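Peer 1:
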Amino acid sequence: MRDENPTVEYFVSFVSLWSYMGSHIFNDVVSRLNARVAYKPIDLYAIFKAGGGKPVRERPPPRQAYRLVEMQRWRDQHKIPLVLWPKFYPANPSRGHRMLLVAIDKGDDVAAFVHAALKAVWADELNIEDADTLVKLADSAGLDGEYMLKHANDPTVAAREAALTREAIERQVFGAPFYVYRGEPFWGQDRLPQLEDAITSGRPPIPWPTPEQL
0 MRDENPTVEY
10 FVSFVSLWSY
20 MGSHIFNDVV
30 SRLNARVAYK
40 PIDLYAIFKA
50 GGGKPVRERP
60 PPRQAYRLVE
70 MQRWRDQHKI
80 PLVLWPKFYP
90 ANPSRGHRML
100 LVAIDKGDDV
110 AAFVHAALKA
120 VWADELNIED
130 ADTLVKLADS
140 AGLDGEYMLK
150 HANDPTVAAR
160 EAALTREAIE
170 RQVFGAPFYV
180 YRGEPFWGQD
190 RLPQLEDAIT
200 SGRPPIPWPT
210 PEQL
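Mind the numbering: the sequence shown is residues 0 to 213 in numbering that gives the first Met the number 0, read in order.
1) Closest to Lys105 by C-alpha separation, out of Tyr146, Arg1 and Asp129, would be which residue?
2) Could I get the ranges of all uninterrupted alpha helix (DSSP H) runs contained in the stretch 97-155, with 4 residues as the minimum, in chain order?
3) In terms of residues, what are the limits of the beta strand (DSSP E) holding Ala37?
4) Could you compute how far the alpha carbon of Asp131 sits from the alpha carbon of Trp73?
5) Along the chain, where does the alpha helix (DSSP H) containing Val29 start, and where does it finish?
6) When DSSP builds the beta bridges, which residues end up paired with Phe13?
7) Inspect the beta-carbon positions of Leu136 and Leu125 and report whether they are closer than 9 Å.
8) Taking just the CA atoms, how far does Tyr9 sit from Ser30?
9) Would Ser18 pass as a contact of Asp42 if the rule is Cβ separation under 9 Å?
10) Could you please give the first and the last residue of the uninterrupted alpha helix (DSSP H) stretch that includes Tyr65?
11) For Ala140 and Ala175, which I take to be in contact (beta-carbon distance under 8 Å), what is that distance rounded to the nearest angstrom?
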């Protein structure tokens, strides 16, 4: 039976290329299916380290080259603005992630802010380490940027940020975007059709094996 009130866990990083590439598609899916999103910002580099991944510039040249081809295919197919090598990448997204958590605590709709932060890196070449930039992005998304910035330095928010990364590692998340629905993992924006099918079909979730089961 189809879940009429589905919840999707969304492990995301503001510096994740593929989170940006799939952001508008994901927002469309959850809107059409009336799904709730549990946003979980993570430290992508800690995730890479724990899961055996590497930052872009540490990958073998053939993989770096293919990534550039894929970027252009997705850009052209979905008509997404994109800069192949953004001016402010890589950047530390921690402040933005903490601001996101503050807005979530307020009960705000944060979808537009998440998309704006991703687009800021990959299309607009803005520095998301800059506090003023983040405030403007939040304000443009209909949120209270100054409030979010003020409370982002609360130690409890920083602790939650760290806890989400630990949770992701413990649950075997190894990249971003990572979507989880009823315990079933979907890695990458190209898995969004499969996520949508899982929600609309009402099929039982496919179990996520633990390391002990491998």
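Note that CB positions come from ideal geometry on N, CA and C, so glycine has one too. All values reported here derive from a predicted model rather than from experimental measurement.
Peer 2: Checking against the coordinates, here is how it stands:
1) Tyr146
2) 110-121, 130-139 and 144-151
3) Arg35 to Pro40
4) 30 Å
5) Leu16 to Arg31
6) None, per the DSSP bridge assignment.
7) yes
8) 14 Å
9) no
10) Pro60 to His77
11) That pair is no contact at about 20 Å.
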